[in-house]
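Going by this note's numbering, the sequence shown opens with residue 1, and the numbers climb by one from there. Have a look at the structure below before the remarks.
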Amino acid sequence: MSTELLPGVLQNIGRGVGRLLAPNAGPMTGPGTNTYLFGDAEVAVLDPGPLLDKHIAAIQKVAPGPIKWILVTHTHPDHSPAACKLAEETGAELLGQPPPDGYVQDKTFVPDRILEDGDSLETAEFCLRAVHTPGHASNHICYRHEALRWLFTGDHVMNGSTVVIDPPDGNMKHYLDSLAHLKTLNLAALAPGHGHVIDDPDAVIDWLINHRLKREAKVIARLRTHPRLTLENLTPFVYDDVGEHLHPLAQRSLLAHLLKLESEERAIQDNERWRLAD
Ligand SMILES: [Zn+2]
C-alpha cells in the first residue's frame, strides 16, 4: 500500500474508502493530515483537518455524493478545525467528543452527536464503530470499519513516527492501555491520521508498546543511579537516540512516563525532582 501521498487527489484505498491528504505537511504532521471519505450515495468525512479553505473545497469536490456526516478522531488543530465550516457548507451532522480543556484544543468543534465507546454510525453502505482510545488525547476516538475490519486510528497510531503524549490531557498509562485494547479488535489494517495504511496491526501495536516500555526502563535505570533529577536533567539520557532539537517535545512524553510511574507508586516527585519509590 505504498501509493504516494499527494494533497488534493482522492485515492481509493479500500472498498468504498477514499483518502484525501490535506496540504499541511510539517514536522508534527508528517506528509499532512489524512482526511478519509466513506460511502458513495451518502458520504461520511473523517478528520477534515485544519481550517484550510482549499482543503475544505477539495473535500466537497471529490466527495462522490452528498456529505451527510463529519466525524473527528480528536480535537487537535490538525484534525478538527475544518469540521465546523464544512458542516455549515454541507449541513452535515458533526460526530465525536467535545474538546477537553487545554490551549491546543479546537474549541470550535461542537458535536451534534457525542460518541461514546461502542456507538456506531451505520448507513446502507458502511458501519463505523467508535473505539474510545484515550492517551494521546483524552477525547480520542478510533473508528472500526466493521466490514473491512480496518481501524482508522487518528493520532493514536501514526505511520512512520511515535506520537507525543503531552500531559495533562495526554496520559501514558491510558495510551498503553488503549494500545493493548486494539489487539482485542481483530483488525486487518490500521489507517492512520498521518502516513500510509499499516497492514500488520498486531505487530505494529506490539512494537509501539515495547518501544514505550523500553523508554520507561531507561527512565527507571537512570533514576536508580542518579536520584533526584529534574525533567531537564533526565531528558538527554532517556532520549539519547533522539535529535536535540526534538528534546523539548520529548520532555513532554518523559513527563507522561514519570506521571505514569507516580500513579503506580513507582516514582516520587519532590520539588520538581524525581526519584524512585523505595
Ligand atoms: Zn493529535
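The beta-carbon is built from N, C-alpha and C at its ideal position, and this holds for glycine as well.
- Between E232 and L261, the C-beta gap is not smaller than 9 Å, which leaves the two residues out of contact.
- By the C-beta criterion, the region 162–175 is judged to be in contact with the region 249–256, since at least 3 inter-stretch pairs fall below 8 Å.
- Counting only residues whose CB is nearer than 5 Å to a non-hydrogen atom of ligand 1, the list in chain order is H76 and D155.
- Within the region 176–259, the alpha helix (DSSP H) runs of at least 4 residues that lie entirely inside it are, in chain order, 201–225 and 231–238.
- With the rule of 3 Cβ pairs closer than 8 Å, the region 78–86 does not count as touching the region 141–148.
- When DSSP assignments are scanned along the region 90–119, the uninterrupted stretches of beta strand (DSSP E) that are 3 or more residues long and fall wholly within it turn out to be 93–96.
- The Cβ atoms of D40 and E125 sit closer than 9 Å to each other.
- In the structure shown, the three-state DSSP call for V9 is coil.
- Under the Cβ criterion (8 Å, minimum of three pairs), the region 204–222 counts as touching the region 237–247.
- Pairing P64 with G26, the inter-Cα distance amounts to about 29 Å.
- Remark: three or more beta-carbon pairs, one from each stretch, lie closer than 8 Å, so the region 90–97 and the region 49–67 are flagged as touching.
- Look at A147 here: in three-state DSSP terms it is coil, with no helix or strand label.
- Assignment of I56 by DSSP, reduced to helix, strand and coil, places it in the helix class.
- Of the residues L151, D78 and E244, the one whose Cα lies closest to the Cα of D202 is L151.
- Counting along the chain, R266 sits inside no beta strand (DSSP E), nor does DSSP assign it H or E at all.
- In the three-state reduction of the DSSP assignment, V62 falls in the helix class, which pools H, G and I.
- For T162, the closest of L10, L21, T29 and N24 by C-alpha to C-alpha distance is T29.
- Comparing C-alpha distances from A87 to each of I13, D106, V131 and Q60 shows the shortest one belongs to Q60.
- The beta carbon of V104 lies closer than 7 Å to those of H76 and P77 in the same chain, with the five residues before and after it left out.
- The alpha-carbon of G102 is positioned some 18 Å away from that of P111.
- Between the alpha carbons of L6 and E264 lies a distance of about 44 Å.
- Rounded to whole angstroms, the separation of the alpha carbons of N159 and W207 is 12 Å.
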